[in-house]
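Note that the numbering used here has the sequence shown beginning at 1173, numbered continuously upward.
Using N, Cα and C, we set each Cβ at its ideal position, and we do this for glycine too.
Just below is one structure, and these are the notes that go with it.
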Amino acid sequence: MRYLRPAALSAASLVLLLATDGTGLTGLSAEATSPVGAAAPRIRGTVLPDRPGPPAARTRDLYSGAAFDTCTAPPLDTLRAWRGTSPYGAVGIYTSGAQRGCAQPRLSADWVRQARAMGWRFLPVHVGLQAPCSELKGKPARIDPAHAVQQGRDEAVEAVGGLKAVGLGAGSPVFLDMEAYPMRDAACGQAVVDFTLGWTQGLHAAGYRSGFYSSLDSGIADLAAAARAGSSPLPDSVWYARWNDGADTAGGGALAADLWTGHQRVHQYRGNVEETYGGAALTIDRNQVDTPLAN
């Protein structure tokens, strides 16, 4: 996961472009409620039908503490060395997605089974289509704004397959990795939101929890705006990148105190650091977690 602070949004870019696939979707037009001459909001409210999601998280599903993520699932010997000697009790794993940045030669149901037996918890991550305005060269596949909702549903199907392949059961969360993107284009932000709503709808229909990872200054900001606009279904948990060395889940910026507050946050607070425990070294991102994790 990369944390890049996008360029500031200019006032001239506040142009609303309605671009969805229209399937099962109700748009709440800003023009119907805004005063004449008022600028249209960057994100409009979008409501999709949603089947009941997984039941409320059991106490045993909740995890509050330190976690790390690393590009490739680490060797089991490293997990053994780190268990009890490091501050970490959970690990982020890239379970699916066509745009994962690293190969996963070790990640399997047996790897998960053995890591679970050591006491590790998991934050599954899916790396699929990126924002239409993304500037990442290494992840070229982009969301099509005209079909964003359906593409989100399709990614959810793929993500569920990835969870099942490594033995993670129904009710588990999986986090959509939406890397930082420039905040110049309102239509781009709307496409990310609609894609994420479709993603959440698809996961709920399959009996899984929806998560969303992004920079606090781009994807999280747009998702927070969607929450304010009444959009649904929203992800059950958010994982925000803000590299401020603060090991907390206090939020900040667009992630206000009344959004995703019921054990629904993960904070990636530092990235690309090398740590050694029990004689085993890894380059990791550091996270503070307060949310249900994978079964």
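Contact holds between the segment 1239-1252 and the segment 1446-1462, because three or more Cβ pairs, one in each stretch, are under 8 Å apart. In the DSSP assignment, Trp1254 falls within the alpha helix (DSSP H) that extends over 1248-1254. Secondary structure note for Thr1372: its alpha helix (DSSP H) is the uninterrupted segment 1358-1378. About 7 Å separates the beta carbons of Tyr1380 and Leu1335, which is inside the 8 Å limit, making them a contact pair.
Close CB contacts of Asn1467 within its chain, under the 8 Å cut and outside five residues either way in sequence, are with Asp1233, Leu1340, Gly1341, Ala1342, Gly1343, Ser1344 (chain order).
Take the alpha-carbon of Ile1215 and the one of Thr1250: they are about 44 Å apart. Residue burial is scored here from C-beta neighbours: Glu1351 has at least 16 other C-beta atoms within 10 angstroms and is therefore classed as buried. Considering only Val1284, Thr1372, Met1290, the residue with the shortest C-alpha distance to Ala1253 is Met1290.
Per DSSP, Ala1320 is one residue of the alpha helix (DSSP H) stretching across 1320-1337. Counting only runs of 4+ residues, the alpha helix (DSSP H) found wholly inside the segment 1242-1316 occupies 1248-1254, 1281-1290, in chain order. In the three-state DSSP reduction, Ile1392 falls in the helix class (H, G or I). For Ile1215, there is no enclosing beta strand (DSSP E), as DSSP marks it with neither H nor E. Between the C-alpha atoms of Thr1368 and Arg1255 there is a straight-line separation of about 34 Å. When Cβ pairs closer than 8 Å are counted between the two stretches, the segment 1396-1410 is seen to touch the segment 1429-1447, the count reaching three or more. Ser1268 and Gly1361 have their C-alpha atoms roughly 23 Å apart. For the 8 Å CB-CB criterion, Arg1288 and Pro1247 do not form a contact.
CA-CA distance, Val1346 to Arg1325, rounds to 13 Å. Around the beta carbon of Ala1270, fewer than 16 other beta carbons lie within 10 angstroms, which makes this residue exposed. In the three-state reduction of the DSSP assignment, Arg1230 falls in the coil class.
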